[in-house]
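Okay, so here's the structure we're looking at.
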Amino acid sequence: MVTIFDELESNVRTYCRRFPAVFVRARGHVLWDQEGRSYIDFLSGAGALNYGHNHPAIKAALLDYLAADGPVHTMDLHTEAKADLLRGLDDIVLRPRGLAYRVQFTGPTGANAVEAALKVARRATGRTNVIAFTNGFHGMSLGALALAGNLGKRAASGVPLDRVTRLPYDGYLGQDVDTVDYLEKLLDDPGSGIDPPAAIVLETVQGEGGLNVARPQWLRRVEKVAHERGIVLIVDDIQAGCGRTGSFFSFEEAGLSPDIVCLAKSISGYGLPLALTLIRPDLDLLGPGEHSGTFRGHNLAFVTASAALGLWSSPQFTADLDKKCLLLAERVRGMTSGIERGRGLLRGLFFAEGAVAAEISLAAFRRGLLLETSGAASQVVKIMPPLTIDDDALHRGMDILDDSVQEVLSKRKAGTR
67 MVTIFDELES NVRTYCRRFP AVFVRARGHV LWDQEGRSYI DFLSGAGALN
117 YGHNHPAIKA ALLDYLAADG PVHTMDLHTE AKADLLRGLD DIVLRPRGLA
167 YRVQFTGPTG ANAVEAALKV ARRATGRTNV IAFTNGFHGM SLGALALAGN
217 LGKRAASGVP LDRVTRLPYD GYLGQDVDTV DYLEKLLDDP GSGIDPPAAI
267 VLETVQGEGG LNVARPQWLR RVEKVAHERG IVLIVDDIQA GCGRTGSFFS
317 FEEAGLSPDI VCLAKSISGY GLPLALTLIR PDLDLLGPGE HSGTFRGHNL
367 AFVTASAALG LWSSPQFTAD LDKKCLLLAE RVRGMTSGIE RGRGLLRGLF
417 FAEGAVAAEI SLAAFRRGLL LETSGAASQV VKIMPPLTID DDALHRGMDI
467 LDDSVQEVLS KRKAGTR
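Count the sequence shown with the numbering used here and you get residues 67 to 483, in order.
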């Protein structure tokens, strides 16, 4: 049957092709479709719904603000909602971690936060080249897309994507090879052909690139290389941040202090568009209007972001998060098929043949579980439950996944699909 979506929506749509349901309600870790069927959500808005759907405390703050006729759209005018978010970010997140940043409210997407970071780094250093890594992904606008390793995504740009040097991520050449040695050699050798870079951009866990995890010692070496050579270190924490790996920032385990941090997705706490670029104060060199956007002052997102940050003030919240991270790790390690990838509540199973992961995702959907794939060949089943999911639901979701894996592998062994 041809639907209104088939008639009018662009061919560029993706998730709805894989999960052909019409959803009408959502709460916590559950989505319901128009037929009344429920689904456990291990997709979490590709990382934009770390606190689940319609978290009651966050929703209450949003409804109260709307009921009071709080301003919704204000460009970058001062509002109480913005002030509350800035105070909460500083009091709850930054100062307790010994971090000090200026906060730039960019346009509402993660790609926009990355574009702003690149502008800042190039202004601060007077250089144009940027170091990015294999299998990295940082957004779909041209500057951010130039950093991407995925050939298919890059090809959609229709123009050359340059001023980026691609280097091997940790583990790309095998676990016995420290690719920072290669990075240092290229940067210090005047015959390498590498233009001195303005920035090094990296993810500590490559969410879209296949859940590759950089070792803490590798990350610390990259930071040391950058600082010794006056290179701006940018950590893209758009998907791996806001608690997804267990700590608020994904780089805390390695003890990093990045020069610039990009946040989006779950920083609003509710799925509302919001992106922030956190900039070391001495690098805050762009003048008024040199990076702006009509929707950089989205007060509804400020309100929900403040409410979400408030959750981090509770020791119980962080203790429960630690427990769930351990529980998911145990369940993934207990699965006999696939190779474990990821950290915290950003985990997955790698299958050498890319089609297997997609088939598992489809089988899980038929059983009432939503999860996506990642990696250059979509060869990783990606597991991203909400941080707030209860233990029973987490186990039910993993049981569905386990059954789906066994179904797909059994059919393949039998020669059927």
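The beta-carbon is built from N, C-alpha and C at its ideal position, and this holds for glycine as well.
Small disclaimer: the values here were computed from a predicted structure and weren't measured.
By alpha-carbon positions, which one of 71, 109, 307 and 90 ends up nearest to residue 100?
90
Among 383, 176 and 97, the one whose alpha carbon lies nearest that of residue 435:
97
Flag this pair as yes or no: are the beta carbons of residue 265 and residue 300 separated by less than 8 Å?
yes
Is it buried or exposed for residue 241, if we count other Cβ within 10 angstroms and need 16 for buried?
exposed
Output needed for residue 150: all residues of its chain with C-beta closer than 6 Å, excluding positions within five of it in sequence on either side, in chain order.
If we look at residue 150 and ignore the five residues flanking it on each side, its Cβ neighbours are 372.
Excluding the five sequence neighbours on either side, which residues of its own chain have a C-beta within less than 7 Å of the C-beta of residue 200, listed in chain order?
215, 232, 234, 235 and 238
Limits of the alpha helix (DSSP H) - the one that residue 248 falls within:
245-254
For the stretch 286-295 and the stretch 154-166, state whether three or more C-beta atom pairs, one from each stretch, are separated by less than 8 Å.
no
Could you tell me whether the stretch 391-400 touches the stretch 162-182, where touching means 3 or more Cβ pairs closer than 8 Å?
no
Could you pull the start and end residues of the alpha helix (DSSP H) that residue 15 belongs to?
As displayed, the chain neither begins before 67 nor continues past 483, which places residue 15 out of reach and without an answer.
Which complete alpha helix (DSSP H) runs does the stretch 373-444 hold, if anything under 4 residues is left out?
381-399 and 420-433
Report the rounded CA-to-CA distance for residue 442 versus residue 448, giving the unit in angstroms.
13 Å
Between the stretch 347-359 and the stretch 189-199, are three or more C-beta pairs nearer than 8 Å?
With a cut-off of 8 Å, the stretch 189-199 and the stretch 347-359 count as touching, because enough Cβ pairs lie within range.
Per DSSP, which residues does residue 328 bridge with? Please list them.
302 and 343
Considering only the beta carbon of each residue, do residue 141 and residue 462 sit closer than 8 Å?
Their beta carbons are not under 8 Å apart, which means residue 141 does not touch residue 462 by this criterion.
Suppose the cutoff is 7 Å on Cβ atoms and the five residues either side in sequence are ignored; what does the same chain contact list for residue 427 look like?
By the criterion of a C-beta distance shorter than 7 Å, residue 427 is surrounded in its chain by 84, 437, 438, 439 and 447, once the five residues flanking it on both sides are discounted.
Any beta-carbon of chain D closer than 8 Å to the one on residue 304?
Judged by its chain identifiers, the structure shown contains no chain D, having just a single protein chain.
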